[in-house]
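Q: Take a look at the following structure, please.
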Amino acid sequence: MTDLIALSDISKQYGSIRILDHCSLRASPGEFVIITGSSGSGKSTLLYLIGLLDDRFTGNYRLFDKDVRQMSDPEKSILRNTRIGFIFQNYHLVPHMSVRDNILLPSLYRKKSIFLSVSDRMENLPELLGIENLLDRDICELSGGQKQRIAVARALLYHPDLILADEPTGNLDPDNTAILMELFLELKQQGKTILMVTHDPSLRPFGDRIVDL
Ligand SMILES: Nc1ncnc2c1ncn2[C@@H]1O[C@H](COP(=O)(O)OP(=O)(O)OP(=O)(O)O)[C@@H](O)[C@H]1O
Ligand SMILES: [Mg+2]
41 MTDLIALSDI
51 SKQYGSIRIL
61 DHCSLRASPG
71 EFVIITGSSG
81 SGKSTLLYLI
91 GLLDDRFTGN
101 YRLFDKDVRQ
111 MSDPEKSILR
121 NTRIGFIFQN
131 YHLVPHMSVR
141 DNILLPSLYR
151 KKSIFLSVSD
161 RMENLPELLG
171 IENLLDRDIC
181 ELSGGQKQRI
191 AVARALLYHP
201 DLILADEPTG
211 NLDPDNTAIL
221 MELFLELKQQ
231 GKTILMVTHD
241 PSLRPFGDRI
251 VDL
């Protein structure tokens, strides 16, 4: 099967400090890869690079069977908005904006905007994640775990092919962690590729493979 992600010999430095050192990683459709490593080892840096949010690296990177270096900025931006769902470690939600608008935010950057048909969305997500009663609240009023679930909903709403999840359960209680893992396994069954960074050893068995940075 063709790899969805093929990184080879990737290195990245900040100034004189090397963060990623000749790193290689492959992932196929339907694969659930868990990324671990000590704090500061470069896990978030790697996800940013994979998610087309950072092009300051050396090495080869093919995504969706295309060389990332050959992609134009608009092309990358379309991929980010339509095929990649990024759950950020720090949520990246917009304060002083409602939960609903935050979840719909990526669709505002799309040409068709929110006029996408309802069937294009995972409409059951707010209920599944237990945030249906929060939709009209302001982001600033919410707890860490509530924000984390909203960040998950925003990333998954439009069925991305690639899910990049940076410690998505870091602020979740055990019940919500179990719900998210079940959802990831369901998405994996549908052929989605999931890369999940976690420090939680109890989540390792969910992965097909563990990559330790
Ligand atoms: N913009 C930046 N400028 C300089 N150094 C940076 C920058 N961003 C990250 N770093 C450094 O790169 C290293 C890797 O950071 P990264 O956030 O990828 O770690 P991580 O593995 O995700 O850690 P954690 O488990 O704490 O989230 C760290 O040492 C960090 O200080
Ligand atoms: Mg990190």
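First residue of the sequence shown: 41, per our numbering; consecutive thereafter.
All residues carry an ideal CB built from backbone N, CA and C; glycine is no exception.
State yes or no: is the C-beta of S51 nearer than 7 angstroms to some heavy atom of ligand 1?
A: Sequence index remark: in the sequence shown, residue 51 carries index 11 (1-based). Answer for S51: no, Cβ out of range of ligand 1.
Q: With which residues is T234 paired in a DSSP beta bridge?
A: Start at 1 with the first residue of the sequence shown, and residue 234 comes out as number 194. At residue 234 the sequence reads Ile, which differs from the Thr that was named. I234 is bridged to F72, I203.
Q: Excluding the 5 residues flanking S157 on each side, which residues of the same chain have their C-beta closer than 7 angstroms to its C-beta?
A: Locating residue 157 in the sequence shown gives position 117, counting from the first residue. Only weak support is given to the placement of S157: the predicted model assigns it a pLDDT of 48, under 50, and the question is left unresolved by the model.
Q: Under 7 angstroms Cβ to Cβ from R194, same chain only, skipping five residues before and after it: list those, please.
A: Residue 194 sits at position 154 when you count from the first residue of the sequence shown. Correct list, in chain order: N142, I143, L145, P146.
Q: Could you tell me whether any non-hydrogen atom of ligand 1 is closer than 7 angstroms to the CB of Y54?
A: Position 14 of the sequence shown, counted from the start, is the residue given in the question as residue 54. Flag set: Cβ of Y54 near ligand 1.
Q: Name the DSSP beta bridge partners of G125, please?
A: Residue 125 sits at position 85 when you count from the first residue of the sequence shown. In the DSSP output, where bridge partners are listed per residue, G125 has I203.
Q: Which residue comes first and which comes last in the alpha helix (DSSP H) that contains L194?
A: For the purposes of this step, residue 194 is taken as residue 154 along the sequence shown, with counting starting at 1. First, the amino acid is wrong: residue 194 is Arg here, not Leu. R194 -> alpha helix (DSSP H) spans 184-196.
Q: In three-state terms, what does DSSP make of Y131?
A: Indexing the sequence shown from 1 puts residue 131 at position 91. Residue state, collapsed to three classes: coil.
Q: Which residue wins for smallest C-alpha separation from Y88, given the options E167, L197, I124?
A: Start at 1 with the first residue of the sequence shown, and residue 88 comes out as number 48. The shortest C-alpha separation from Y88 is found at I124.
Q: Are there three or more Cβ pairs, one per stretch, closer than 8 angstroms when the segment 229-240 is compared with the segment 46-62?
A: No, they do not touch.
Q: Here's the rule: buried if 16 or more other CB atoms are within 10 angstroms of the residue's CB, otherwise exposed. What is P166?
A: Here residue 166 refers to the residue found at position 126 of the sequence shown. The residue in question, P166, is buried, as its Cβ has 16 or more Cβ neighbours within 10 Å.
Q: Can you tell me whether DSSP reads T209 as helix, strand or coil?
A: Indexing the sequence shown from 1 puts residue 209 at position 169. In the structure shown, T209 sits in coil (DSSP, three-state: anything other than H, G, I, E or B).
Q: Closest to E71 by CA distance: which of L243, D240, K232 is it?
A: Here residue 71 refers to the residue found at position 31 of the sequence shown. If we check each option's Cα against that of E71, K232 comes out closest.
Q: List the DSSP bridge partners of V100.
A: For the purposes of this step, residue 100 is taken as the residue at position 60 of the sequence shown. According to the sequence shown, residue 100 is Asn rather than Val. Beta-bridge pairing links N100 to S48.
Q: Please report the straight-line C-alpha distance between D176 and E226, rounded to a whole angstrom.
A: For this step, residue 176 is matched to residue 136 along the sequence shown. For this step, residue 226 is matched to residue 186 along the sequence shown. Each residue's alpha carbon lies about 28 angstroms from the other.
Q: Does the beta carbon of R96 come closer than 8 angstroms to any beta carbon on chain C?
A: Protein chain content of the structure displayed is limited to a single chain, and chain C is not contained in it.
Q: Residues in the same chain with beta-carbon distance under 7 angstroms from E172, minus the five sequence neighbours each way, listed in chain order, please.
A: Along the sequence shown, one-based indexing puts residue 172 at 132. Within the same chain, E172 has close Cβ partners P166.
Q: With distances taken between CB atoms, is the gap from L202 to G82 smaller than 8 angstroms?
A: For the purposes of this step, residue 202 is taken as residue 162 along the sequence shown, with counting starting at 1. For the purposes of this step, residue 82 is taken as residue 42 along the sequence shown, with counting starting at 1. For L202 and G82, no; Cβs fall outside 8 angstroms.
Q: Spatial neighbours of L119 within its chain, please: CB distance less than 8 angstroms, with the 5 preceding and 5 following residues excluded, ordered by chain position.
A: Along the sequence shown, read from residue 1 onward, the residue named residue 119 stands at position 79. Counting only Cβ-Cβ distances below 8 angstroms, and skipping sequence neighbours, we find L92, L103, F104, M111.
Q: How many angstroms separate the CA atom of A205 from the CA atom of Q129?
A: The sequence position of residue 205 within the sequence shown is 165, counting from 1. The sequence position of residue 129 within the sequence shown is 89, counting from 1. When rounded, the distance between both Cα atoms is 8 angstroms.
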